[in-house]
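Engineer: Have a look at this one.
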Amino acid sequence: MNAATPSDAIVEVRGLHTRFGPAVVHEDVSFSVRRGEIFALVGASGCGKSTLLREAIALQPPAAGSIRVFGREVVGLGDEEALPLRRRWGVMFERGALFSALTVTENVGMVLHEHTPLDARLIEEIAALKIALSGLPADAGPKYPNELSGGMRKRAALARAMALDPELLFLDEPTAGLDPLSADGIDVLVRNLRDALGLTILMSTHDLDLLWRTADRVAVLGEGRILGIGAMSELASSNHPLIREYFHGPRGRAAREQAWKQK
Amino acid sequence: MTETIAHQDSDDAADLRPGPSPSEASCEGAWVLRAITQLERRLAVQSFPGGGELVIDAAAVTAMDTSGAWLLHRTIRALEARGRAVRVQGLRPEFDALLRLVVARMPAARAPAAAAPGVLERIGRKAWESVLGGIGLLAFVGECAVALARALAQPRRFRWRPILYNVQTAGFEALPITGTLSFLLGIVIAYQGAEQLRLVGANIYIVDLVGLSMVRELSPLITAIIVAGRSGSAYTAQIGTMKVTEEIDALRTVGVAPMDQLVLPKLLALVVALPLLTVYTDAMGIFGGMIMARAQLDVSFPTFLDRLDEAVSLKSYLIGVGKAPVFAAIIALVGCYRGFQVTGSAESVGRQTTVSVVQSIFLVILIDALFSIAFSWLDL
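In order, the protein sequences belong to chains A and B.
According to the working numbering, the first sequence holds residues 12 to 274 in order.
According to the working numbering, the second sequence holds residues 873 to 1252 in order.
Structure follows, in structure tokens:
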């Protein structure tokens, strides 16, 4: 991985401030995500990871600062102006946010219908491929989201996020609420996607296993700032008390040992 | 990994065409999603004559995404089905990896979709659904009755706060809208009646017309219809959303019966609130008629009120108000029942809310008609 040159940064966050009323969520947060890398945001619950993702995908404006995605300023974009950008990225929400009135195939196909001139048969075939790529069995296609388990719903959400072959994926808590086996599946999937499709991935997560196994670089959010940024091995040797607490709790140690064993 | 793999902004037309010899073909351009439609059309008319081995030279492919890889794979499969042994060479390693991923994950040919049901089958299904819905509603009424009986046996099971809250939202907060509409209805009836009564010089009978029609029929009916639209729909949407978010299950697991917590308070509150609302709309409707009577027929307020005493008997008044609790029970029961019928999706909440309002208004008018027949039998 080369050092980031400006053109290399897919997502660039500079001097981000976010407030909810009197509560300060982000205070001068800056980082950049390079092309082809898996970048993870971590931090305690309520530290503003999901908020940061929502700001990056132009769903919610920050109080101040700049977020550039593919070199374009996202802050202050309306839905109409954000559309060309949104077609180039895919988003997977924490709770899936699948359209409950549509089947899984229709959920994926709907995005293709909206943005491509493909005919219905082609769309169905491509949707079936995306569903298969996300690791769902073929018989999941005609099912409705409420007939799926939590893990399957996440995969279906991932299939929808990948519908337009995006260059950039935003994943909000991709493994939250999954059993260890399903979570392992997501680990592998995320890595495969990056390796095979050359995707850039920006995710927020609590899952230390996922971090050790997939993330190229990790930013630790806390106290409204970035407490540390770097590869997991670098962060693990950080002296910052909050980072130490985060990575060296009993779970952190177990995840690290697990990751070593696998390597 | 600093170069773009899947998304070059090149607009090289993607193509796959036969090469100089029957055992060769060349593949080029950007095999990406936005080129897929044209590409597929071109491939459909492209033929690769001959048999035996076919080597596809793919060195000139400049971009590929999953959709492109899938199309290439599908084309190769189709060729193989015709007895050609296909080999792809020269494909860039990253595209090759992508192609292999697609091959590995490619779903087997999907089963043909079930045939759409015929007209008869659809009618049958709909009819059966209605029957089940009717049976379900009856069962629900029974459950409610049991819960109510239990609550009467142990009065501390009543949840007073939600009852009072529901009286406020379904009753008190409905005063402006029901009052206004009833007032306007009184005006309309008096106005229409005035034209006719003036012709025969029976001006004073405007009091009978407005008084009886409002008190006995229109005021209970319009109030019930408004409340069905206002509160019945709210009941369905609330309970339905709670069902989607598993709050109903959560209530059960903490040992609170949804019937006690959600249904009985609404039922009791509406049974209290709707008759009170009806009394109020009676007054507003007659007031509207009074204003119109004075303006159009010169019937003064005191004359109107004097006549009202004779025109509307206590019996008629009680019949009108007495229908209100029945309507209230229908609205609350249908509203809550439809809420519990919601399954999973947001769309289902919408559908059940629609059904709830339509069904409760239908039942209210139906029961009102039955009341009329019964009262005429009983000579009331």
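The C-beta atom is built at its ideal place from N, Cα and C for all residues, glycine as well.
From a predicted model like this one, the values you see are computed outputs, not experimental measurements.
Find out if the Cβ-Cβ distance for the pair A:Glu184, A:Thr216 is shorter than 8 Å.
Structural biologist: Within the first sequence, the letter at position 173 stands for residue 184 of chain A. Within the first sequence, the letter at position 205 stands for residue 216 of chain A. Yes. Within cutoff.
Engineer: Show which residues of chain C have a CB atom less than 8 Å away from the CB atom of B:Ile995.
Structural biologist: Although the question refers to chain C, the structure presented lacks it and instead comprises the protein chains A and B.
Engineer: For A:Gly146, which residues in the same chain have their Cβ closer than 7 Å to its Cβ, ignoring the five residues on either side in sequence?
Structural biologist: In the first sequence, the residue the question calls residue 146 of chain A occupies position 135. Cβ neighbours of A:Gly146 beyond the five flanking positions: Arg166, Gly196 and Leu200.
Engineer: Where A:Thr16 and A:Thr127 are concerned, what is the direct C-alpha to C-alpha distance, given to the nearest angstrom?
Structural biologist: As a position in the first sequence, residue 16 of chain A is number 5, starting the count at 1. As a position in the first sequence, residue 127 of chain A is number 116, starting the count at 1. Any answer about A:Thr16 is weak, because its pLDDT of 48 lies below 50 and its placement is not dependable; what the coordinates show is given next. Going by the C-alpha atoms only, they are around 33 Å apart.
Engineer: Kindly indicate which residue of B:Val1116, B:Ile1191, B:Leu1177 and B:Leu1235 has the alpha-carbon position closest to the one of B:Gln1213.
Structural biologist: What you label residue 1213 of chain B is simply residue 341 of the second sequence in a count that begins at 1. The shortest C-alpha separation from B:Gln1213 is found at B:Val1116.
Engineer: Which residues in the same chain have their Cβ closer than 6 Å to the Cβ of B:Thr947, if we skip the five residues on either side of it in sequence?
Structural biologist: One-based indexing of the second sequence puts residue 947 of chain B at position 75. So the qualifying residues of the chain are Leu915.
Engineer: Is the Cβ-Cβ distance between A:Gly59 and A:Leu180 less than 8 Å?
Structural biologist: Taking the first residue of the first sequence as position 1, residue 59 of chain A is located at position 48. Taking the first residue of the first sequence as position 1, residue 180 of chain A is located at position 169. Their beta carbons are not under 8 Å apart, which means A:Gly59 does not touch A:Leu180 by this criterion.
Engineer: Would you identify the three-state DSSP class for A:Pro73, choosing helix, strand or coil?
Structural biologist: Translated into the one-based positions of the first sequence, residue 73 of chain A becomes position 62. Reduced to three states, the DSSP call for A:Pro73 is coil.
Engineer: Using Cβ-Cβ distances below 8 Å, what residues of the segment 949-971 of chain B are close to chain A?
Structural biologist: Against chain A - using a Cβ distance shorter than 8 Å - the residues of the segment 949-971 of chain B are Glu966, Ala969 and Leu970.
Engineer: Near B:Gly891, which residues of its chain fall below 6 Å by C-beta distance, leaving aside the five closest residues on each side in sequence?
Structural biologist: Numbered from its first residue, the second sequence carries residue 891 of chain B at position 19. For B:Gly891, where only same-chain residues beyond five positions count, the Cβ hits under 6 Å are Ala897 and Ser898.
Engineer: Taking Cβ-Cβ distances shorter than 7 Å, what residues in chain B pair up with A:Gly82?
Structural biologist: In the first sequence, residue 82 of chain A corresponds to position 71, counting from 1. By Cβ distance, chain B contributes nothing, its closest Cβ being about 13 Å from A:Gly82, past 7 Å.
Engineer: Pick out the complete beta strand (DSSP E) segments inside the segment 917-991 of chain B, 3 residues or longer, and give them in chain order.
Structural biologist: Listed in chain order, they are 925-936 and 957-961.
Engineer: Chain B partners of A:Leu133, CB-CB under 8 Å?
Structural biologist: Locating residue 133 of chain A in the first sequence gives position 122, counting from the first residue. Ile908, Thr909 and Glu912, listed in chain order.
Engineer: Rounded to whole angstroms, what is the Cα-Cα separation between B:Pro1147 and B:Ser1103?
Structural biologist: On the second sequence, position 275 is the one that residue 1147 of chain B refers to. On the second sequence, position 231 is the one that residue 1103 of chain B refers to. When rounded, the distance between both Cα atoms is 15 Å.
Engineer: Whole angstroms are fine: how far does the CA of B:Gly1043 sit from the CA of B:Met1156?
Structural biologist: For this step, residue 1156 of chain B is matched to residue 284 along the second sequence. For this step, residue 1043 of chain B is matched to residue 171 along the second sequence. Each residue's Cα considered, the two are about 15 Å apart.
Engineer: Could you tell me the alpha carbon to alpha carbon distance between B:Ser1002 and B:Leu1242, rounded to whole angstroms?
Structural biologist: Here the question's residue 1002 of chain B lines up with position 130 in the second sequence. Here the question's residue 1242 of chain B lines up with position 370 in the second sequence. If you take the alpha carbons of B:Ser1002 and B:Leu1242, they lie about 21 Å apart.
Engineer: If B:Ala950 and B:Val904 are in contact, beta carbons under 8 Å, what's the gap, nearest whole angstrom?
Structural biologist: Locating residue 950 of chain B in the second sequence gives position 78, where the first residue counts as 1. Locating residue 904 of chain B in the second sequence gives position 32, where the first residue counts as 1. So it is not a contact: roughly 20 Å between Cβ atoms.
Engineer: Going by beta-carbon coordinates alone, are A:Val122 and A:Ala168 separated by less than 8 Å?
Structural biologist: The count along the first sequence starts at 1 and reaches residue 122 of chain A at position 111. The count along the first sequence starts at 1 and reaches residue 168 of chain A at position 157. Result no, Cβ atoms of A:Val122 and A:Ala168 do not sit closer than 8 Å.
Engineer: State the Cα-Cα distance for the pair B:Leu1084 and B:Val1229, rounded to the nearest angstrom.
Structural biologist: Mapped onto the second sequence, residue 1084 of chain B falls at position 212. Mapped onto the second sequence, residue 1229 of chain B falls at position 357. Looking at the two C-alpha atoms, the distance is approximately 27 Å.
Engineer: Distance, Cα to Cα, B:Gln880 vs B:Ala902?
Structural biologist: Looking up residue 880 of chain B in the second sequence gives position 8. Looking up residue 902 of chain B in the second sequence gives position 30. With a pLDDT of 42 at B:Gln880, under the threshold of 50, the modelled position of this residue cannot be trusted; read the value that follows with caution. Those two C-alpha atoms are separated by around 8 Å.
Engineer: Hey, would you say B:Leu1149 sits closer than 8 Å to B:Thr1095, going by beta carbons?
Structural biologist: Position 277 of the second sequence, counting from 1, holds the residue named residue 1149 of chain B. Position 223 of the second sequence, counting from 1, holds the residue named residue 1095 of chain B. A contact, by the Cβ cut-off of 8 Å.
Engineer: I want to see whether chain B comes within less than 8 Å of A:Tyr155, judged by CB atoms only; does it?
Structural biologist: Within the first sequence, residue 155 of chain A is the residue found at index 144, counting from 1. Interface residue, yes.
Engineer: Strictly under 8 Å for the Cβ-Cβ distance: is B:Arg1210 near chain A by that measure?
Structural biologist: Locating residue 1210 of chain B in the second sequence gives position 338, where the first residue counts as 1. So no, B:Arg1210 is outside the interface.
Engineer: With C-beta atoms as the reference, is B:Leu1141 less than 8 Å away from B:Ile1035?
Structural biologist: Taking the first residue of the second sequence as 1, we reach residue 1141 of chain B at position 269. Taking the first residue of the second sequence as 1, we reach residue 1035 of chain B at position 163. It is Ala, not Leu, that sits at residue 1141 of chain B in the sequence shown. In contact: B:Ala1141 and B:Ile1035 (Cβ atoms closer than 8 Å).
Engineer: Let me check one thing: in DSSP terms, what residues is A:His251 bridge-paired to?
Structural biologist: For this step, residue 251 of chain A is matched to residue 240 along the first sequence. Its beta-bridge partners do not exist; DSSP assigns none.
Engineer: Is the Cβ-Cβ distance between B:Asp1132 and B:Ala976 less than 8 Å?
Structural biologist: Numbered from 1 along the second sequence, position 260 holds the residue referred to as residue 1132 of chain B. Numbered from 1 along the second sequence, position 104 holds the residue referred to as residue 976 of chain B. No, the Cβ-Cβ distance between B:Asp1132 and B:Ala976 is not below 8 Å.
Engineer: Would you say B:Leu915 faces chain A, with C-beta separation under 8 Å as the test?
Structural biologist: The residue labelled residue 915 of chain B in the question sits at position 43 within the second sequence. So, not an interface residue.
Engineer: Based on the DSSP output, what are the partners of A:Cys58 in its beta bridges?
Structural biologist: Numbered from its first residue, the first sequence carries residue 58 of chain A at position 47. DSSP output for A:Cys58 lists no bridge partner at all.
Engineer: Are at least three pairs of beta-carbons, each pair with one atom in the segment 68-86 of chain A and one in the segment 28-45 of chain A, less than 8 Å apart?
Structural biologist: Touching, yes.
Engineer: Skipping 5 residues on each side, what residues in its chain have a beta carbon closer than 6 Å to that of A:Ala14?
Structural biologist: Along the first sequence, one-based indexing puts residue 14 of chain A at 3. The predicted position of A:Ala14 is uncertain, since its pLDDT is 44 and thus under 50; a value taken from the coordinates is nonetheless stated next. Closer than 6 Å at the Cβ level, and outside the excluded window around A:Ala14, lies no residue.
Engineer: Does the beta-carbon of A:Met12 have 16 or more other beta-carbons within 10 angstroms, so that it is buried, or is it exposed?
Structural biologist: Numbered from 1 along the first sequence, position 1 holds the residue referred to as residue 12 of chain A. Because A:Met12 sits at a pLDDT of 39, beneath the cut-off of 50, its placement in the model cannot be relied upon, and the following sentence gives the value as read from the coordinates. Exposed is the call here.
Engineer: Check whether the Cβ atoms of B:Ala1165 and B:Ala1062 lie closer than 8 Å to each other.
Structural biologist: In the second sequence, counting from the first residue as 1, residue 1165 of chain B sits at position 293. In the second sequence, counting from the first residue as 1, residue 1062 of chain B sits at position 190. Yes, Cβ-Cβ distance for B:Ala1165 and B:Ala1062 is below 8 Å.
Engineer: Under 8 Å between beta-carbons, which chain B residues line up against A:Leu140? List them in chain order, please.
Structural biologist: Here residue 140 of chain A is taken as the residue at index 129 of the first sequence, counted from 1. Result: Thr938, Ser939, Trp942, Val974, Arg977, Met978 and Pro979.
Engineer: Could you spell out the range, first to last residue, of the beta strand (DSSP E) harbouring A:Leu180?
Structural biologist: Walking along the first sequence from the start, residue 180 of chain A turns up at place 169. Start and end: Leu179 to Asp183.
Engineer: Just the chain A side, please: which residues come within less than 9 Å of B:Ala1218 by C-beta, in chain order?
Structural biologist: Position 346 of the second sequence, counted from the start, is the residue given in the question as residue 1218 of chain B. Near B:Ala1218 (Cβ distances below 9 Å), the residues of chain A are Phe110, Ser111 and Ala112.
Engineer: Does A:Ile21 come within less than 8 Å of chain B when only Cβ atoms are used?
Structural biologist: Here residue 21 of chain A is taken as the residue at index 10 of the first sequence, counted from 1. Cβ-Cβ to chain B under 8 Å: no for A:Ile21.
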